[in-house]
Every structure is written in C-alpha cells, then in structure tokens.
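Below is one structure; the comments refer to it alone.
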Amino acid sequence: MTEHKKFSLKSFFTRKKIFYCIYMLLLLVITGSLNIAARKSTAFAEWYSTHIYKFLVTTVGRLVGFLPFSLYELLIILGISLLFWIIFRIVYLIIKKRAKRILTLFAGVLALLLTVLTLFTLNCGVNYHRRPFSYYSGLTVARQSTDVLTSLCQSLIAEANALVPYIDTIEVPDDEDGTHYGSIFSLDNTDTVVEAVKAMNNLGTIYPVLNGYYPKAKPVLFSKVMSYEFITGVYSFTIEANYNNDVPDYVKADTICHELSHLRGFMREDEAGFIAYLACIHSDNVNLKYSGILNALSYVLNSVYSNCGAAVYTELYKSMDIQLMRDYLYDSRYWDKYRTPVAEVADAVNNAYLVANAQTDGVKSYGRMVDLLLAYYISQHN
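Each residue of the sequence shown is one higher than the one before, starting from 969 at the first, in this note's numbering.
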C-alpha cells in the first residue's frame, strides 16, 4: 500500500531554491565556457559562428521573424516595467520587514539577468572573436597616403553624382522660416526592407560566408527614442535586425543592410558598415546604391577633413551635386534636434559596450571603415 504524502509548502520552496541554484549554475557554466573558449581560440569562435550561430539564425531567427513587431523592443518595454515593479516591491517588503522575500526577489532578478547574458553570449557575444571580414574578402588593410584617400573621395562623389538623376526626391520645409532647404529621395519602407534582403543575398553569391537566411528587418515603434540616443539601428540577442524608422530615408537602406550583416556573425561595427556598403553598391536598386555610397562618403569626407585639411575638404565638397549637399544638410538638421545629454550618455554606454566586446577603440572603431573602403578601392583599381 502506497502512503499518500501531504503537500509541504516548505518542501516546495526548498525545491524551488534548489532549481534556482542549478539553473543559475548551469547558465554560468555555459556563458563562462563559451566566452573563455571564444577569447582563447579564434578557430572555435569561427566554427561557432559558421555552424551553431548560423543554425540559430535559420531556426530561432526565422521563428522570431514571423512576429509582426520587434520582440527586442517589446522586451525592453517589459524590462522597464519590470524594473519599476521590482523597485516598488522592494520598498514594500522593506516596510513589511520581510527580508527573506527580498532575498528571493533578488535571486529571481539574478536568474533573469543571467538568462539575458546567456542569450547574448549565444546570439552575439561569441561572434565578436571570430576572424575579420577582411580575411574572407582577401582585402589587405593598411595605412594609405592622403592622395589615395582623396582619390577614394573623388570616386565616391562621382558615383553618387551619377545616381542623382535616378533618385526620386521630396522637398522638405525648414521648420524655422518655412523655406525649402533641401530634399531627400522617397523610399517605401516595405520595399526597402525587401530590397535590402535581396542585396544581402546577392552579396552572399560573391562572398559565400555571407550566404544564408536573412529575416526581414523590423522598424522600431519608438524610433524617436532611438534618435535621442543617436542610434539608427540595433541588432539584439533576439536575432532581429531593428532599424530607426524616423531617420532620413537615405540612411535607412544602408542601416538595414548594416544590421542584417550582424546576422552573418560579423559584429564589429566597422565591418558591418563596410558589408552594408558592399551590399548596397552591388544591389540592382538605385536607392540602395545611393544610400550605401552616401553613408560611405560621409565617413571618407570626415577622414579627409581630419587628414588632408579644410581646404582639400572644401574643394571636394564643392564637387558634389547640389542634391548630395541637400541630403547631408537635411541629415544634419535632423540630428541637431536630438543633441541632448541623453545622446552623450548613450554614446558613453555604447562605447563601454564596444570596448567590453573586444572593440578596443570603442565608438572610434567606426572610423576603421575608411581603411576597409581604401583597401577595397585599391583592389578594384589594381
């Protein structure tokens, strides 16, 4: 005869604590092992990126892609709501003098944070330690003379100028005096997302390491919040490419390709920017070509100003079609509205994030894109 055991609340909570301990220990082992292995062995990071991570993109990324909204954005909103609830709950428990409940709450929060850290490691972190894209592209990145930098700038300006007649434009009124200070080309967001995926797939035929499944990028509902943080796009541990839907149109196409490049495991910002440029210029869509070239040109112009002086910069700037000047002016006016202390804090946080993930130059790593552009320019003209 089997004896029926009564339910014990104490026994239940004991088992719950044991489960929490085992769960958190397991997450620590997984996260720690993967990070140590990736940092110690580039070969392991490369294998993980091209096999395990690529499988995750094809499976989990595909499932998340079916959602008509950004899962990452939803989790951010829920996370902020949860933070307020936790603060309220802690205050309440302190007032009620329930120390054990506070410890249980902290254990739950710790388990949640470890879960997020593990997801980040699985879907992002390991990839930071793989081989650079230049390894696959065959490009030799080296410091070039200012003459080569100037030639690259002239080439990009000529290419952008040639595309202007094929770009549809809309006039944008000045918020201050009602005059029209510039214009941007109009893009349908849905078509842009589709064309960006096509561009990445096309680039995959040139560089096999980039082939594979690409989910459609998703616009962020609270895009203006991203603008206050000076962010145009986000790739997250949810395996989603998210983009700021409020920025000037010519920025979006390049941004979408940039975020999609992270789905192939290239997490460095300079590499993602360069891959986006390649995807755009090899696209059949004129708008994507224009977007990719204009974004690349902005980096090169800044480099020219820093390395060649204001006189050379001004001379090159004057050679641009008026449409290019208008687009840059519109972009500058757009971001001026969001230059606040929030943007400075966000920049500092982003810098810390990049440094923590082996991008030792921090936000300055974006400048290395010019080196990749120079290497590509030389390879095309040899």
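Glycine included, each C-beta is placed from N, C-alpha and C at the ideal position.
task: Give every residue of the same chain whose Cβ lies closer than 8 Å to the Cβ of residue 1119, excluding the five residues on either side of it in the sequence, and list them in chain order.
output: 1345
- prompt: Mind checking residue 987: buried by the 16 CB within 10 Å criterion, or exposed?
  reply: exposed
query: Which word fits residue 1111, buried or exposed, when buried means at least 16 other C-beta atoms lie within 10 angstroms of its C-beta?
result: exposed
- request: Let me know if residue 1021 comes out buried or exposed under the rule of 16 or more other beta-carbons within 10 Å of its beta-carbon.
  value: buried
field: For residue 1041, the nearest candidate out of 1186, 1283, 1019, 1131 (CA to CA)
entry: 1186
message: Classify residue 1065: buried if its beta carbon has 16 or more other beta carbons within 10 angstroms, exposed otherwise.
response: exposed
message: Is residue 1207 close to the ligand GDP? I mean its beta-carbon at under 7 Å from any heavy atom of the ligand.
response: This structure lacks the ligand GDP, and indeed carries no ligand of any kind.
Validate contact between the stretch 1218-1234 and the stretch 1251-1263 using beta carbons, cut 8 Å, 3 pairs: yes
field: Nearest-angstrom Cα separation, counted from residue 1113 out to residue 1023
entry: 42 Å
query: How about residue 1207 and residue 1094: do their beta carbons lie closer than 8 Å?
result: no
message: Helix, strand or coil, according to DSSP, for residue 1091 in the structure here?
response: helix
query: Anyone know if the C-beta pair for residue 1338 and residue 1245 falls short of 8 Å?
result: no
message: Is it buried or exposed, residue 947, if we count other Cβ atoms within 10 angstroms and call 16 or more buried?
response: In the structure as shown, the chain begins at 969 and stops at 1350. Residue 947 is therefore absent and cannot be evaluated.
task: Indicate the three-state DSSP secondary structure (helix, strand or coil) for residue 1026 in the structure shown.
output: helix
- prompt: Going by C-alpha distance, which of 1058, 1027, 1079 is nearest residue 1070?
  reply: 1058
task: Could you work out which residue in 1212, 1253, 1254 is closest to residue 1302 when comparing CA atoms only?
output: 1212
query: Buried or exposed: which applies to residue 1291, given that a residue is buried once 16 or more other Cβ atoms fall within 10 Å of its Cβ?
result: buried
query: Looking at the structure shown, is residue 1046 part of a helix, part of a strand, or coil, going by DSSP?
result: helix
message: Using the three-state DSSP reduction, which class does residue 1079 fall into: helix, strand or coil?
response: helix
- request: Look at the Cβ atom of residue 1086, then the Cβ atom of residue 995, and state whether they are nearer than 8 Å.
  value: yes
Integer-rounded CB distance, given that residue 1089 should sit under 8 Å from residue 1196: Their Cβ separation, rounded to whole angstroms, is 29 Å, which puts residue 1196 and residue 1089 out of contact at 8 Å.
field: For residue 1305, three-class secondary structure by DSSP
entry: coil
- request: Write down the C-beta distance between residue 1228 and residue 1165 rounded to the nearest angstrom, noting that I regard them as a contact closer than 8 Å.
  value: 7 Å
query: With 16 as the cutoff for other CB atoms within 10 Å, does residue 989 come out buried or exposed?
result: exposed
Alpha helix (DSSP H) runs contained entirely in the stretch 1248-1277, provided each spans 4 or more residues: 1254-1276
task: Excluding the 5 residues preceding and the 5 following residue 1010 in the sequence, name in chain order all residues of the same chain whose CB lies nearer than 8 Å to its CB.
output: 1097, 1098, 1099
message: To the nearest angstrom, how far is the alpha carbon of residue 1194 from that of residue 1293?
response: 25 Å
query: For residue 1126, which three-state DSSP category applies?
result: helix
- request: Note down, in chain order, each residue of its chain lying with its Cβ closer than 6 Å to the Cβ of residue 1177, except the 5 sequence neighbours on either side.
  value: 1104
message: For residue 1347, count the other beta carbons within 10 Å of its own beta carbon; 16 or more makes it buried, fewer makes it exposed. Which is it?
response: exposed
field: Contacts around residue 1125, its chain only, beta-carbon distance under 6 Å, and the 5 residues preceding and following it disregarded
entry: 1287, 1288
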